[in-house]
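All remarks here apply to the structure that follows.
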Amino acid sequence: MSFSSSDDLSSKNTHNNKTWFQQNKLACVGGLWLTCMTGTFFWQHVLQNSKTRTSVKVIHSRLYSQAITLSALLAASGVEYYDRRYNNKGRGDVERTDPFEYKHRRAAAASTDAAASSR
């Protein structure tokens with residue numbers, strides 16, 4: 001019977017959270033927008049107790065939540081750039097492909113290479 005140390009469990013948990021976030025980035029950003037929209041509207045409506053109209057409060061809430069959401073999108077793109085740039089460094093087994101290249105061109109090139117090597 002072997003027991004895992006707390007460091008092993010925390011690193012596994014961190015890895016699971018990171019992979020989940022990488023797969024659900026836009027859902028997280030959308031949830032952040034909704035949370036910010038609700039939170040800033042509540043803050044303006046209840047805690048500030050100002051005399052401004054509700055439509056103005058909604059507009060201000062939207063502006064605040066958009067600013068926070070854009071910051072989160074920039075942070076997510078920075079993390080994605082960092083992962084692609086530095087985590088694949090030194091790995092020979094990672095296939096580097098052009099994201100703008102069509103899949104059928106890659107398949108045709110692979111079949112041409114296979115035919116050329118069999119001659």
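Going by full-length UniProt numbering, the first residue of the sequence shown is number 1, and it counts up by one from there. Cβ coordinates follow ideal geometry from the N, Cα and C atoms, glycine included.
| Query | Result |
| --- | --- |
| Just to confirm, is the Cβ distance from Thr-40 to Ser-61 under 7 Å? | yes |
| Roughly how far, in whole angstroms, is the beta-carbon of Leu-32 from the beta-carbon of Ile-68, given that I think they are within contact range, below 8 Å? | 7 Å |
| Between Gln-66, Gln-22 and Asn-17, which has its C-alpha nearest Asp-83's C-alpha? | Gln-22 |
| Under a three-way DSSP split, which group does Gln-22 fall into? | helix |
| Label Cys-36 either buried or exposed according to how many other C-beta atoms from any shown protein chain fall within 10 Å of its C-beta, with 16 as the threshold for buried. | buried |
| What residue ranges within the region 14-88 form continuous beta strand (DSSP E) runs of no fewer than 3 residues, ordered along the chain? | none |
| Assuming Lys-25 and Ala-75 form a contact by the criterion Cβ under 8 Å, report the distance between their Cβ atoms to the nearest whole angstrom. | In fact, because the Cβ distance is near 10 Å, the residues do not count as touching under 8 Å. |
| In whole angstroms, what is the alpha-carbon distance linking residue 123 and Leu-73? | For the chain, the structure presents residues 1 to 119; residue 123 sits outside this window and is missing. |
| Does the distance from the CB of Gln-66 to the CB of Lys-57 come in under 7 Å? | no |
| Would you report the Cα separation of residue 132 and Ser-71, rounded to the nearest angstrom? | Residue 132 cannot be examined here, being either before or after the span of the chain that is shown, 1 to 119. |
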